[in-house]
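Right, one structure below, let's go through it.
Numbering (my numbering), first residue to last: 5 to 248.
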């Protein structure tokens with residue numbers, strides 16, 4: 005038993021909360037035969053249970069020790085009167101739509117937000133983000149990194165509101181360029197085939213013309229030969245008549 009009697013010491017409470025959060029693993033949440041989406045849903049369900057279990061408890065996180073981290077859901081934050089905000093975080097910031105669950109916030113944190121709260125949330129892939137003034141900062145790659153190394157703020161990466169649409173437009177533009185490139189390639193191949201066909205047709209026509217000319221010449225020569233043969237026959241007959 006700790007010096008605090010029936011109440012756990014701050015260090016043991018910190019360890020217990022850390023242990024409970026790390027029992028949830030996005031890579032192991034779903035059964036092998038289930039989809040990745042199923043695993044993400046089960047993972048976030050476990051996160052919600054841990055947040056509910058330790059709701060309103062305060063712990064310290066490295067790099068930001070002077071600001072207490074209060075565990076809580078979205079409804080416990082100063083943004084609770086903006087219910088659509090969580091959906092915006094999920095849809096309008098990251099390149100891909102990601103389900104998220106708020107795990108708490110740093111109190112009296114010096115950020116640009118009017119609320120003086122730096123809200124932390126976990127994505128379905130395990131990454132931890134912090135929200136500040138229409139930006140999502142990547143503060144840890146997973147909960148293990150968060151509890152072992154603390155909050156990296158400003159984040160190693162950050163995403164602003166509406167960036168997901170810009171990323172979508174870029175992806176669509178790349179896809180269109182690839183399609184146009186493929187069409188152009190096939191068009192060039194088709195054009196080459198047409199040119200080859202035209203060359204074959206021209207060559208065939210030239211061959212036909214040559215055969216036609218040769219046929220005409222052959223017939224003319226044959227006629228000359230026939231005429232000459234007929235002339236020889238007439239001379240022979242005339243000579244025979246004279247002999248009689």
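Backbone N, C-alpha and C fix where the C-beta goes; we use that ideal spot for every residue, glycine too.
None of these values were measured; they are calculated from a predicted model.
Exposed or buried, what is residue 158 when buried is set at 16 or more other beta-carbons lying within 10 Å of its beta-carbon?
Answer is exposed; the Cβ neighbour count stays below 16.
What separation, rounded to the nearest whole angstrom, lies between the Cα atoms of residue 83 and residue 181?
Looking at the two C-alpha atoms, the distance is approximately 41 Å.
Might you give, ordered along the chain, the residues of its own chain that have their beta carbon closer than 6 Å to the beta carbon of residue 50, omitting 5 neighbours on each side?
Same-chain partners within the cutoff: 28.
Would you say residue 27 lies against chain D (beta-carbon separation less than 8 Å)?
This model lacks chain D altogether, as it is built from one protein chain only.
For residue 113, the three-state DSSP class (helix, strand or coil):
DSSP places residue 113 in coil when its eight states are reduced to three.
Give the single residue among 165, 229, 213, 227 whose Cα lies nearest to the Cα of residue 99.
Residue 165 is the option with its Cα nearest to residue 99.
Which residues DSSP lists as bridging residue 75, in chain order:
Residue 75 pairs with 108.
In the DSSP output, what is residue 141 paired with across the bridge?
Beta-bridge pairing links residue 141 to 134, 162.
At the level of alpha carbons, what is the spacing between residue 37 and residue 147?
Here the model assigns residue 37 a pLDDT of 40, short of 50, so the residue's position is not dependable, and the following value carries that caveat. Whole-angstrom Cα-Cα distance: 25 Å.
Give me the residue from 89, 152, 106, 85 with the minimum Cα distance to residue 22.
Comparing Cα positions, the closest option is 152.
By the three-class DSSP mapping on this structure, what secondary structure does residue 102 have?
Looking at residue 102 - three-state DSSP - the assignment turns out to be coil, as it is neither helix nor strand.
Beta-carbon within less than 7 Å of residue 101's beta-carbon, same chain only, minus the 5 sequence neighbours each way: which residues are those?
Leaving aside the five residues that flank residue 101 on each side, the residues in its chain whose CB is nearer than 7 Å to its CB run, in chain order, 94, 95.
Tell me which residues share the same chain as residue 112 and place their Cβ nearer than 7 Å to its Cβ, disregarding the 5 neighbours each side in the sequence.
Only 71, 120 meet the Cβ criterion.
Given this structure, state the Cα-to-Cα distance separating residue 200 from residue 183, to the nearest angstrom.
Distance between the alpha carbons of residue 200 and residue 183 is about 25 Å.
In terms of residues, what are the limits of the alpha helix (DSSP H) holding residue 150?
From DSSP, the alpha helix (DSSP H) with residue 150 extends over 147-153.
With DSSP collapsed to three states, give me the class of residue 123.
Of the three classes helix, strand and coil, the one that applies to residue 123 here is strand, per DSSP.
Could you give the DSSP three-state label for residue 62: helix, strand or coil?
It is a strand residue.
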